[in-house]
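This report refers to the structure that appears directly beneath it.
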Amino acid sequence: MDLGIRGKKAIVCASSKGLGRGCAIALAEAGVDLVVNGRNAELLAKTAQEIREKFGVEVIEIAGDVSKPEVQKALLAACPNPDILVNNNGGPPLRDFRELDRAKILEGVTQNMVTPIELIQAVIDGMAKRGFGRIVNITSLSVYVPIPGLDLSSGARAGLTSFLAGVARTVIDRNVTINSLLPGKLDTDRLRGPHEAGTQEDPAAAAARKARISADVPAKRLGTPEEFGQICAFLCSIHAGYLTGQNIPVDGGLYVSAF
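The numbering of the sequence shown is this note's numbering, which starts it at 54 and goes up by one.
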């Protein structure tokens with residue numbers, strides 16, 4: 054399917070690896086020029102070069118933590134009139150809520166609620182004026198299914214979800230949509246657990262780990278960043294202009310609900 058977004062411009066946050074990278078690749082495949090972002094400059098440069106070579110689109114790299122105002126400013130300077138914004142950022146680490154002090158709570162809320170709101174504030178009016186905009190927020194299935202130890206992540210992302218539910222309805226008449234993707238168990242470094250950067254996992258151990266983690270998933274496997282990215286790209290397409298304010302689990306059927 055031609056997504057109809059060839060030549061559009063996108064900012065994809067936290068896109069040097071994992072789900073953000075999957076979204077960047079899918080958009081590049083559709084012909085979208087990119088501004089990519091990540092905290093590890095070396096890894097970001099590698100991802101950017103791979104995308105350039107494979108898809109021939111323009112890729113600008115902005116290294117740094119997207120929750121920092123100076124990094125946001127650099128992203129917007131590199132792409133002042135984006136057609137597409139994919140909000141993404143790492144979540145707070147697993148920890149008992151009793152271990153959270155005020156500084157940690159504020160940091161988590163800043164990373165997973167305040168930052169995407171700030172970026173949306175910066176781009177939404179321009180999108181509405183031009184008559185096209187697609188905003189996709191990568192949140193978490195924990196918005197629907199709270200996970201003990203990830204309370205801060207769940208709370209911040211749920212706050213973002215509620216905040217944007219009303220905002221989304223104010224710009225759909227000008228062909229600007231805001232939707233969220235809620236990843237479940239996808240095959241990223243986050244599910245691999247702590248490890249040294251660049252280390253290779255033993256194939257047999259990896260297969261056993263993935264089978265164990267995905268045992269309760271109806272699909273009986275982990276999702277991939279690539280297929281997650283394709284769903285994101287469709288939400289950014291011309292075909293998704295009548296879909297807004299939605300929260301879509303990408304979880305192999307793990308979240309059980311008829312509605």
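Cβ atoms here follow ideal geometry from the backbone N, Cα and C, with glycine treated the same way. Fair warning: this is a prediction, and the values are worked out from it, not measured in the lab.
> In its own chain, which residues sit with a C-beta less than 6 Å from the C-beta of Thr277, not counting the 5 before and 5 after it?
Replying inline: Translated into the one-based positions of the sequence shown, residue 277 becomes position 224. Answer for Thr277: Asp240, listed in chain order.
>> Can you give me the C-alpha to C-alpha distance between Asn140 and Val88, rounded to a whole angstrom?
In response: On the sequence shown, position 87 is the one that residue 140 refers to. On the sequence shown, position 35 is the one that residue 88 refers to. Taking the straight line joining both Cα atoms gives about 12 Å.
> Do Met166 and Ala131 have their C-beta atoms within less than 8 Å of each other?
Replying inline: Here residue 166 is taken as the residue at index 113 of the sequence shown, counted from 1. Here residue 131 is taken as the residue at index 78 of the sequence shown, counted from 1. Contact check for Met166 against Ala131 fails: the beta carbons are separated by 8 Å or more.
> What distance in whole Å lies between the Cβ atoms of Gln299 and Asn232, which are believed to be in contact at a cut-off of 8 Å?
Replying inline: In the sequence shown, counting from the first residue as 1, residue 232 sits at position 179. In the sequence shown, counting from the first residue as 1, residue 299 sits at position 246. About 5 Å separates the two Cβ atoms, so the contact holds.
>> I'd like to know whether the C-beta atoms of Cys289 and Ile58 end up nearer to each other than 8 Å.
In response: For this step, residue 289 is matched to residue 236 along the sequence shown. For this step, residue 58 is matched to residue 5 along the sequence shown. In terms of Cβ geometry, Cys289 and Ile58 form a close pair [threshold 8 Å].
>> Quick check on the burial criterion: 16 or more other C-beta atoms within 10 angstroms. Buried or exposed for Met54?
In response: Position 1 of the sequence shown holds residue 54. Met54 should be labelled exposed.
> If we count the other Cβ atoms within 10 Å of its Cβ and call it buried at 16 or more, is Asp86 buried or exposed?
Replying inline: Along the sequence shown, read from residue 1 onward, the residue named residue 86 stands at position 33. When all chains shown are included, Asp86 counts as buried.
>> Need the endpoints of the alpha helix (DSSP H) that Leu205 sits in, please.
In response: For the purposes of this step, residue 205 is identified with residue 152 of the sequence shown, where counting begins at 1. Leu205: member of the alpha helix (DSSP H) spanning 204-221, first to last residue.
> How is Leu321 classed by DSSP in three states: helix, strand or coil?
Replying inline: Only positions 54 to 312 of the chain appear in this structure, which leaves residue 321 out of reach.
> Apart from the five residues just before and just after Ala83, which ones in its own chain have a Cβ nearer than 6 Å to its Cβ?
Replying inline: Looking up residue 83 in the sequence shown gives position 30. Here Ala83 has Leu56, Ile58, Ala286 as same chain residues with Cβ atoms under 6 Å from its own Cβ, once five neighbours each way along the sequence are excluded.
>> Considering Cα atoms alone, identify which of Arg187, Tyr308, Thr100, Ile173 is closest to Gln125.
In response: Taking the sequence shown and counting its residues from 1, one reaches residue 125 at position 72. Per the C-alpha coordinates, the member of Arg187, Tyr308, Thr100, Ile173 positioned closest to Gln125 is Ile173.
> How many whole angstroms separate the CB atoms of Leu213 and Pro146, which I take to be in contact at a CB cut-off of 8 Å?
Replying inline: Working through the sequence shown from its first residue, we reach residue 213 at position 160. Working through the sequence shown from its first residue, we reach residue 146 at position 93. Contact between Leu213 and Pro146 fails: their C-beta atoms lie close to 19 Å from each other, not under 8 Å.
>> Measuring CB atoms only, is the stretch 63-81 touching the stretch 92-99, in the sense that at least three cross pairs come out at less than 8 Å?
In response: Contact check between the stretch 63-81 and the stretch 92-99: three or more CB pairs, one atom from each, fall below 8 Å, which counts as touching.
>> So, with DSSP's three-state summary, where would you put Phe111?
In response: The residue given as residue 111 occupies position 58 in the sequence shown. Position check: residue 111 holds Glu in this sequence, whereas Phe was assumed. Correct three-state label for Glu111: coil.
> For Arg315, which three-state DSSP category applies?
Replying inline: With the chain represented from 54 up to 312, any question about residue 315 goes unanswered, as that position is not in the structure.
> Is the Cβ-Cβ distance between Leu235 and Leu194 less than 8 Å?
Replying inline: Translated into the one-based positions of the sequence shown, residue 235 becomes position 182. Translated into the one-based positions of the sequence shown, residue 194 becomes position 141. Remark: C-beta atoms of Leu235 and Leu194 approach each other more closely than 8 Å.
> In whole angstroms, what is the alpha-carbon distance linking Glu280 and Arg274?
Replying inline: Here residue 280 refers to the residue found at position 227 when the sequence shown is read from its first residue. Here residue 274 refers to the residue found at position 221 when the sequence shown is read from its first residue. Going by the C-alpha atoms only, they are around 13 Å apart.
> Relative to the alpha-carbon of Glu160, which residue among Leu205, Gly117, Ala127 has its alpha-carbon at the smallest distance?
Replying inline: Your numbering for residue 160 matches position 107 in the sequence shown. Residue Leu205 holds the alpha-carbon nearest to the alpha-carbon of Glu160 among Leu205, Gly117, Ala127.
>> What does DSSP give as the partner residue(s) for Leu234 in the beta ladder?
In response: The residue given as residue 234 occupies position 181 in the sequence shown. Secondary-structure assignment with DSSP links Leu234 through a beta bridge to Ile191, Ile301.
>> Here's the rule: buried if 16 or more other CB atoms are within 10 angstroms of the residue's CB, otherwise exposed. What is Asp136?
In response: The residue you call residue 136 lines up with position 83 of the sequence shown. So Asp136 counts as buried.
> Between the C-alpha atoms of Ile188 and Glu254, what's the straight-line distance to the nearest angstrom?
Replying inline: Along the sequence shown, one-based indexing puts residue 188 at 135. Along the sequence shown, one-based indexing puts residue 254 at 201. Linking Ile188 to Glu254 through their CA atoms gives a straight-line distance of about 35 Å.
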